[in-house]
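Take a look at the structure below.
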DNA sequence: TATTGTTATACTCTATAACTATA
DNA sequence: TATAGTTATAGAGTATAACAATA
């Protein structure tokens with residue numbers, strides 16, 4: 001039909017998602033958006049963005065890590081990591097230490113302030129997830145996490 | 001410790017995710033990235049982006065929908081939808097029909113070409129998800145979809 | 001030659017404000 | 001006055017190329 005019928009031009013009551021809500025990618029994006037919006041608010045309190053939060057935690061968990069290794073761990077480009085490390089360094093949360101074995105690279109370490117902030121932020125983020133995922137039981141969340149980990153192949 | 005130990009400056013073997021891989025938001029982002037990368041490749045074949053794909057499907061499923069309603073359904077801003085509708089209209093996949101009842105609004109309908117493309121793309125996307133989620137059984141995928149739907153509250 | 005960190009750049013996605021024409 | 005569609009714009013996030021210092 002090249003010309004829509006009269007009925008087709010009437011305003012609809014509500015938007016049907018029928019064909020899309022069976023797609024895992026579609027559902028994952030929407031679920032992620034809900035969680036992420038609350039995470040951003042949680043992190044703002046500590047002056048952190050999602051990427052600086054993940055980077056800080058990873059540096060604390062991997063003292064001496066280089067920027068290339070950190071970028072690989074975070075699945076971002078080395079070039080994009082530079083401003084992330086700059087931001088954390090400016091706020092005295094991590095430090096770029098010269099490596100005697102390779103003078104091209106820096107060994108990243110968290111400062112005492114960075115380690116302290118990481119602990120506080122991590123607790124807050126666990127609280128955020130408890131809130132954002134309150135509709136799921138602990139077991140359901142464990143199932144969800146296990147399934148998500150298998151998708152990435154980790 | 002203000003000065004990192006010698007051992008802390010050694011290059012690490014591999015990056016530990018210990019503190020992050022228990023967070024659903026972190027796992028969801030990484031799992032989504034894997035699926036989304038393959039989806040983008042699948043849609044490129046049809047000259048579609050993620051957002052134009054979703055919009056096309058939603059217009060076919062909701063003939064006569066207005067742009068404001070479509071934006072709400074897609075969870076994007078009306079202003080950002082304009083170029084999406086432009087793109088689909090330019091490619092003769094959907095049409096902006098004047099609404100007699102409200103001359104400010106457009107009733108969006110899919111063209112025959114748009115309906116045809118939707119069917120072909122949707123089949124391809126189902127194939128893409130079968131590939132990207134091959135590590136999960138049909139039942140596991142159903143469980144995952146159900147959990148994701150509940151997070152969004154839909 | 002190859003790699004580390006870096007800069008510059010560009011492209012997508014997203015969010016906000018303001019405009020027009022209608023209601 | 002409020003709403004539908006539109007424009008302009010600015011901020012994130014992301015990807016690529018090229019460079020200096022070092023391996």
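Chains as they are written, first to last, in UniProt numbering: chain A, 1 to 154; chain B, 1 to 154. Backbone N, C-alpha and C define an ideal beta-carbon position, used for all residues, glycine too. Being a predicted model, the structure only gives us computed values, none of them experimental.
- Sequence-distant partners of residue 56 of chain A (beyond 5 residues in either direction) whose C-beta falls short of 8 Å from its own C-beta, in its chain, are 48, 88, 93, 94, 110, 114, 117, 118 and 121.
- Between residue 42 of chain A and residue 127 of chain A, the C-beta spacing is below 9 Å.
- Taking one beta carbon from each stretch, the segment 125-143 of chain A and the segment 21-28 of chain A have fewer than 3 pairs nearer than 8 Å; the two do not touch.
- Contact between residue 151 of chain B and residue 35 of chain A holds, with the beta-carbon distance rounding to 7 Å and staying under 8 Å.
- The C-alpha of residue 37 of chain B is placed about 26 Å away from the C-alpha of residue 85 of chain A.
- The C-beta distance from residue 97 of chain A to residue 107 of chain A rounds to 4 Å, short enough to fall under 8 Å.
- Inclusion of residue 17 of chain A and residue 99 of chain B in the CB contact set at 9 Å is not warranted, their separation being larger than that value.
- Among the CB atoms of chain B, none fall inside 9 Å of the CB of residue 90 of chain A.
- Unbroken beta strand (DSSP E) runs of no fewer than 3 residues, entirely contained in the segment 15-103 of chain A, are found at 94-98, following chain order.
- Between residue 79 of chain B and chain A, the shortest Cβ-Cβ separation is not below 9 Å.
- DSSP, reduced to helix, strand and coil, places residue 124 of chain B within a helical segment of the structure shown.
- Each residue's CA atom was taken as its position, placing residue 40 of chain B and residue 112 of chain A some 42 Å apart.
- Distance from the CA of residue 83 of chain A to the CA of residue 102 of chain B, rounded to the nearest whole angstrom, comes to 49 Å.
- At least one CB atom of chain A sits nearer than 9 Å to the CB of residue 32 of chain B.
- Listed by position along chain B, the residues whose Cβ is nearer than 8 Å to that of residue 143 of chain A are 143 and 147.
- Judged by their CB atoms, residue 15 of chain B and residue 67 of chain A are not nearer to each other than the 9 Å cut-off.
- The DSSP-derived three-state label of residue 134 of chain B is coil.
- Interface flag for residue 93 of chain A against chain B is unset, since no Cβ pair is found closer than 9 Å.
- A Cβ-Cβ distance of about 21 Å is found for the pair residue 31 of chain A and residue 70 of chain B, leaving them out of contact under the 8 Å criterion.
- In the DSSP secondary-structure assignment, residue 109 of chain B is bridged to B:95.
- Among the CB atoms of chain A, none fall inside 9 Å of the CB of residue 87 of chain B.
- Within a 10 Å sphere around the beta-carbon of residue 132 of chain B sit 16 or more other beta-carbons, which makes this residue buried.
- Excluding the 5 residues flanking it on each side, residue 46 of chain A has same chain C-beta neighbours closer than 6 Å at 121, in chain order.
- In the three-state reduction of the DSSP assignment, residue 153 of chain A falls in the coil class, being assigned neither a helical nor a strand state.
- The distance from the Cβ of residue 60 of chain A to that of residue 143 of chain B is about 34 Å, inconsistent with a contact at the 8 Å cut-off.
- Straight-line measurement puts the Cα of residue 20 of chain A at about 7 Å from the Cα of residue 54 of chain B.
- Taking all protein chains in view, the Cβ of residue 44 of chain A is surrounded by fewer than 16 other Cβ atoms within 10 Å, so the residue is classified as exposed.
- Relative to residue 78 of chain B, the option among B:153, B:105 and B:123 whose CA is nearest is B:105.
- Distance from the CA of residue 64 of chain A to the CA of residue 74 of chain A, rounded to the nearest whole angstrom, comes to 16 Å.
- When C-beta distances to chain A are compared with 7 Å, the residues of the segment 36-63 of chain B below that value are 36, 39, 54, 57, 58, 61, 62 and 63, in chain order.
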